[in-house]
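Step one of this worksheet: look at the structure below.
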Amino acid sequence: SGRDIGGTGLGLAIVHNIVTNLLGGRIDCKSELGEGTVFSISLPVVCKINEGR
56 SGRDIGGTGL
66 GLAIVHNIVT
76 NLLGGRIDCK
86 SELGEGTVFS
96 ISLPVVCKIN
106 EGR
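Using this note's numbering, the letters of the sequence shown map in sequence onto residues 56 to 108.
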C-alpha cells in the first residue's frame, strides 16, 4: 500500500464488535479510489422522560 505505518490490522474488527454488539450501532463506509475511505458510526440514542416533573 505504500504506507510506512505498522499495526496488527485488528482496529476495525475491534471497533466493529464494540459498536455493533455492545452498543447496538452500525458502521458504514464509503471509499473513493485515490481519495480514501470515510467511516461513519451511528449509535442509538435513548431519551428517558421523567413524567413526575
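Where a beta carbon is used, it is the ideal one built from N, C-alpha and C, also for glycine.
| Cβ contact (3+ pairs, closer than 8 Å) linking the segment 85 to 92 and the segment 57 to 77 | Touching, no.
| task | Give the straight-line distance between the Cα atoms of residue 99 and residue 59, rounded to the nearest whole angstrom. | result | Going by the C-alpha atoms only, they are around 36 Å apart.
| task | Output the distance between the C-alpha atoms of residue 104 and residue 69, rounded to the nearest integer angstrom. | result | Distance between the alpha carbons of residue 104 and residue 69 is about 33 Å.
| said: Let me check understanding here. Comparing Cα to Cα, which of 61, 62 and 67 lies closest to residue 92? | reply: Here the closest residue by C-alpha is 67.
| request: Can you give me the start and stop residues for the alpha helix (DSSP H) that residue 66 sits inside? | output: Its alpha helix (DSSP H) spans residues 66 to 71.
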